[in-house]
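Engineer: Chains A and B, in that order, give the protein sequences. So for the first sequence, our numbering puts the first residue at 361; every next one is plus one. So for the second sequence, our numbering puts the first residue at 3; every next one is plus one. A virtual CB, placed ideally from N, CA and C, is assigned to each residue, including glycine. Only a predicted model underlies this, so the values are computations on that prediction, with no experimental measurement involved. Here it is, the structure, as structure tokens.
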Amino acid sequence: MNSSVGQSLGLGLYQPGGSFLHRAPAGAKLAGLAVAAVVMLRISAVPAVGIAAAVTMVVTAAAGIPWRVVLRQVRPVLWFAGPLLAFQWVTAGWERGTIVVGQLILLVTLAALVTLTTRVSAMLDSFESVLRPFARIGVSPTRVALVLALTVRCVPMVAQTYAETREAQRARGLERSPTALVVPLVIRLLKKADAVGEALTARGLDD
Amino acid sequence: MIRLRGVSHRYATRDVLCGIDVDLTERRVGVIGANGSGKSTFARLLNGLVIPSEGVVEVGGFNTRTDGREVRRQVGFVFTDPDAQIVMPTVAEDVAFGLRRLGLSRVEVARRVEDALRRYGLAEYADHPAHLLSGGEKQLLAIAGVLATEPSILVCDEPTTLLDLRNAAMVTGLLAELPQQVVLVTHHLDLLAGFERVLVIHEGRLAADADPAGAVAAYRKLLA
Numbered sequence: 361m362n363s364s365v366g367q368s369l370g371l372g373l374y375q376p377g378g379s380f381l382h383r384a385p386a387g388a389k390l391a392g393l394a395v396a397a398v399v400m401l402r403i404s405a406v407p408a409v410g411i412a413a414a415v416t417m418v419v420t421a422a423a424g425i426p427w428r429v430v431l432r433q434v435r436p437v438l439w440f441a442g443p444l445l446a447f448q449w450v451t452a453g454w455e456r457g458t459i460v461v462g463q464l465i466l467l468v469t470l471a472a473l474v475t476l477t478t479r480v481s482a483m484l485d486s487f488e489s490v491l492r493p494f495a496r497i498g499v500s501p502t503r504v505a506l507v508l509a510l511t512v513r514c515v516p517m518v519a520q521t522y523a524e525t526r527e528a529q530r531a532r533g534l535e536r537s538p539t540a541l542v543v544p545l546v547i548r549l550l551k552k553a554d555a556v557g558e559a560l561t562a563r564g565l566d567d
Numbered sequence: 003m004i005r006l007r008g009v010s011h012r013y014a015t016r017d018v019l020c021g022i023d024v025d026l027t028e029r030r031v032g033v034i035g036a037n038g039s040g041k042s043t044f045a046r047l048l049n050g051l052v053i054p055s056e057g058v059v060e061v062g063g064f065n066t067r068t069d070g071r072e073v074r075r076q077v078g079f080v081f082t083d084p085d086a087q088i089v090m091p092t093v094a095e096d097v098a099f100g101l102r103r104l105g106l107s108r109v110e111v112a113r114r115v116e117d118a119l120r121r122y123g124l125a126e127y128a129d130h131p132a133h134l135l136s137g138g139e140k141q142l143l144a145i146a147g148v149l150a151t152e153p154s155i156l157v158c159d160e161p162t163t164l165l166d167l168r169n170a171a172m173v174t175g176l177l178a179e180l181p182q183q184v185v186l187v188t189h190h191l192d193l194l195a196g197f198e199r200v201l202v203i204h205e206g207r208l209a210a211d212a213d214p215a216g217a218v219a220a221y222r223k224l225l226a
């Protein structure tokens, strides 16, 4: 296995396992996440945030996902959790700041748990089921699901292309030239998009 | 059987293939030629990715112009860059991608995925992110994804060009053992040992059609 840009982006996503969360249907997990979000956003007292945090920790432990993996998913939010806490503290008091930041971190953690315990294909099956009624008005559930899958797949591809183009830009001593980055990056991404389209046709998508 | 009759193709004003007439019945067919000679376009004609500007391409009696779906069910295609071919985030899901489109049951899809991963040495990576595989493993995954759909013909467009010697040998060994008819476009002339027939495409024309030794000799003469 390669260690690559994708890994540094934390895009490993699904973590194999046999916990109750792994076994639960994707649709049920997404519905549960929606309910948790509604409940979480109704919290108005600091002790309730503590209880929600305890419940989230129990669910995380039961899912058997290593804490470092969960933290990697939550880490991007922590960058602005501090400034958000400070702002809320100044404008609305420390209790409100704690509640808002707690809600944010816990919701991201729960969303990460759904992502880490659900295969993308299972998620896509759920989306397809939800979108099936829209087939009557010309929406193709399969194509919408495929677009979502390709979006997930393309993030590491774009990141890797950016890293390679940036490296080439530096190698030519043009690190200060935006043109030397943007032009080849756009051209390479368009060529890759063309190649992916051709591969999808070859794999029967147009059929 | 693959049949090309009077096949020509041009991109905008540039002719890339001219007057190709050939029947391919052998189990192992190689295609060689210089860069820009038209060999990749030739490969793409075989499963309908490219429809010829003139002439007819038939696979198993199906015309690529009118029966694209049937042709692509028969002809699997492996690209040079596996990154373009891998669609789904994890290894097992990517192999399942092509199978889901065949309308198979979930049980049958799961069985074929498991079988393909085991056969091509990827079973331990089933739930790994596909983009984190090595170059050789990615190409194996691309091939596994295609072969899981059980095509009767496999067309490979320079599948070893981006691979190191070890990974190239791994892919070559795999291709050699396949029961399917294989059409291999390559710059690696040593891969053609054991092939029954090799076509040399030069400046869009079929310049030679012989056994590997004869075709490689003709190719070297053309480039001398």
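How would you call residue 551 of chain A, buried or exposed, if buried means at least 16 neighbouring beta carbons within 10 angstroms?
Structural biologist: Here residue 551 of chain A is taken as the residue at index 191 of the first sequence, counted from 1. Label assigned to residue 551 of chain A: exposed.
Engineer: Going by CA-CA distance only, name the one from B:49, B:149, B:185 that's closest to residue 27 of chain B.
Structural biologist: Residue numbering aside, residue 27 of chain B sits at position 25 when the second sequence is read from its first letter. Of B:49, B:149, B:185, the residue nearest in Cα terms is B:185.
Engineer: What residues in its chain sit with their C-beta under 6 Å from that of residue 78 of chain B, if we drop five residues either side in the sequence?
Structural biologist: Locating residue 78 of chain B in the second sequence gives position 76, where the first residue counts as 1. Answer for residue 78 of chain B: 148, 153, 156, listed in chain order.
Engineer: Counting only beta-carbon separations shorter than 9 Å, does residue 527 of chain A have a partner in chain B?
Structural biologist: To locate residue 527 of chain A, count along the first sequence from 1; it is residue 167. Chain B, which has no Cβ nearer than 9 Å to the Cβ of residue 527 of chain A, makes this no.
Engineer: Once DSSP output is grouped into helix, strand and coil, what is the label at residue 181 of chain B?
Structural biologist: As a position in the second sequence, residue 181 of chain B is number 179, starting the count at 1. If DSSP states are grouped into helix, strand and coil, residue 181 of chain B belongs with coil.
Engineer: Contact check, residue 141 of chain B vs residue 165 of chain B under 8 Å by CB: the rounded distance?
Structural biologist: The residue labelled residue 141 of chain B in the question sits at position 139 within the second sequence. The residue labelled residue 165 of chain B in the question sits at position 163 within the second sequence. At roughly 6 Å, the Cβ-Cβ gap stays under 8 Å, so residue 141 of chain B and residue 165 of chain B are in contact.
Engineer: So which residues of chain A does residue 49 of chain B contact, with C-beta pairs closer than 7 Å?
Structural biologist: For the purposes of this step, residue 49 of chain B is identified with residue 47 of the second sequence, where counting begins at 1. Simply 562.
Engineer: Can you name the residues of chain B whose CB is closer than 9 Å to the CB of residue 479 of chain A?
Structural biologist: Residue numbering aside, residue 479 of chain A sits at position 119 when the first sequence is read from its first letter. Residues of chain B passing the Cβ test: 91, 92, 94, 95, 129.
Engineer: Is it true that the CB of residue 125 of chain B sits closer than 9 Å to the CB of residue 96 of chain B?
Structural biologist: What you label residue 96 of chain B is simply residue 94 of the second sequence in a count that begins at 1. What you label residue 125 of chain B is simply residue 123 of the second sequence in a count that begins at 1. No, the Cβ-Cβ distance between residue 96 of chain B and residue 125 of chain B is not below 9 Å.
Engineer: When you check each C-beta in the stretch 372–388 of chain A against every C-beta of chain B, which residues fall closer than 9 Å?
Structural biologist: So the close ones are 372, 373, 374, 375, 376.
Engineer: Based on DSSP bridge pairs, tell me the residues matched to residue 190 of chain B.
Structural biologist: Residue numbering aside, residue 190 of chain B sits at position 188 when the second sequence is read from its first letter. Beta-bridge pairing links residue 190 of chain B to no other residue.
Engineer: Taking the straight line between their C-alpha atoms, what separation do you get for residue 369 of chain A and residue 521 of chain A?
Structural biologist: Here residue 369 of chain A refers to the residue found at position 9 when the first sequence is read from its first residue. Here residue 521 of chain A refers to the residue found at position 161 when the first sequence is read from its first residue. Confidence at residue 369 of chain A is low in this model, with a pLDDT of 45, below 50, so the placement of that residue should be treated as unreliable; the coordinate-derived value is given next. Cα-Cα distance, rounded: 14 Å.
Engineer: Under three-state DSSP, which class holds residue 169 of chain B?
Structural biologist: For the purposes of this step, residue 169 of chain B is taken as the residue at position 167 of the second sequence. In this structure, residue 169 of chain B counts as helix in the three-state DSSP scheme.
Engineer: Write down every uninterrupted run of the alpha helix (DSSP H) in the stretch 94–137 of chain B whose length is 4 residues or greater and which is fully enclosed by it, in chain order.
Structural biologist: Runs of the alpha helix (DSSP H) inside the stretch 94–137 of chain B: 108–121.
Engineer: Assuming residue 4 of chain B contacts residue 217 of chain B under a Cβ cut-off of 8 Å, what Cβ separation, rounded to an integer in Å, is found between them?
Structural biologist: By one-based count along the second sequence, residue 4 of chain B stands at place 2. By one-based count along the second sequence, residue 217 of chain B stands at place 215. Actually they are not in contact, since the Cβ atoms of residue 4 of chain B and residue 217 of chain B sit about 17 Å apart, beyond 8 Å.
Engineer: Any beta carbon from chain A within less than 9 Å of residue 16 of chain B's own beta carbon?
Structural biologist: Indexing the second sequence from 1 puts residue 16 of chain B at position 14. Judged by the 9 Å Cβ criterion, residue 16 of chain B is not in contact with chain A.
Engineer: Out of A:467, A:379, A:436, which has the shortest C-alpha to C-alpha gap to residue 397 of chain A?
Structural biologist: Here the question's residue 397 of chain A lines up with position 37 in the first sequence. If we check each option's Cα against that of residue 397 of chain A, A:467 comes out closest.
Engineer: Strictly below 7 Å CB to CB, what residues from chain B border residue 488 of chain A?
Structural biologist: Sequence index remark: in the first sequence, residue 488 of chain A carries index 128 (1-based). Simply none; closest approach about 10 Å.
Engineer: Spell out a yes or no on whether the stretch 408–424 of chain A and the stretch 434–454 of chain A are touching, meaning 3 or more CB-CB pairs, one atom from each, closer than 8 Å.
Structural biologist: These segments do not touch.
Engineer: Return the residues of the stretch 510–521 of chain A that lie within a Cβ-Cβ distance of less than 8 Å from chain B, sorted by chain order.
Structural biologist: So the list reads 510, 512, 513, 516, 517, 520, given in the order they occur along the chain.
Engineer: Counting Cβ pairs, one atom from each stretch, are 3 or more of them under 8 Å apart for the stretch 552–559 of chain A and the stretch 82–95 of chain B?
Structural biologist: Flag = yes, the stretch 552–559 of chain A and the stretch 82–95 of chain B touch.
Engineer: Classify residue 384 of chain A as helix, strand or coil using the three-state DSSP reduction.
Structural biologist: As a working note, residue 384 of chain A is residue 24 in the first sequence. It is coil, neither helix nor strand.
Engineer: Going by C-alpha distance, which of A:432, A:429, A:463 is nearest residue 403 of chain A?
Structural biologist: Mapped onto the first sequence, residue 403 of chain A falls at position 43. When only C-alpha atoms are compared, the closest one is A:463.
Engineer: Buried or exposed, going by whether 16 or more other CB atoms sit within 10 Å of the CB of residue 81 of chain B?
Structural biologist: Residue numbering aside, residue 81 of chain B sits at position 79 when the second sequence is read from its first letter. Classification of residue 81 of chain B: buried, given that the 10 Å Cβ count is 16 or more.
Engineer: Under 9 Å, Cβ to Cβ, is there at least one residue of chain A near residue 190 of chain B?
Structural biologist: Walking along the second sequence from the start, residue 190 of chain B turns up at place 188. False, the Cβ-Cβ gap to chain A never drops below 9 Å.
Engineer: Whose C-alpha, out of B:101, B:150, B:93, is nearest the C-alpha of residue 136 of chain B?
Structural biologist: Stepping through the second sequence from its first residue, residue 136 of chain B is reached at position 134. Among B:101, B:150, B:93, the Cα nearest to that of residue 136 of chain B is on B:93.
Engineer: Locate the alpha helix (DSSP H) running through residue 524 of chain A, then write down its first and last residues.
Structural biologist: Position 164 of the first sequence holds residue 524 of chain A. Its alpha helix (DSSP H) spans residues 501–531.
Engineer: In the DSSP assignment, find the unbroken alpha helix (DSSP H) run with residue 10 of chain B in it and report its ends.
Structural biologist: Translated into the one-based positions of the second sequence, residue 10 of chain B becomes position 8. Counting along the chain, residue 10 of chain B falls outside any alpha helix (DSSP H), though it belongs to the beta strand (DSSP E) covering 4–13.
Engineer: Residues of the stretch 542–559 of chain A with a CB closer than 7 Å to any CB of chain B: list them in chain order, please.
Structural biologist: Per Cβ criterion, the list reads 552, 555, 556, 558, 559.
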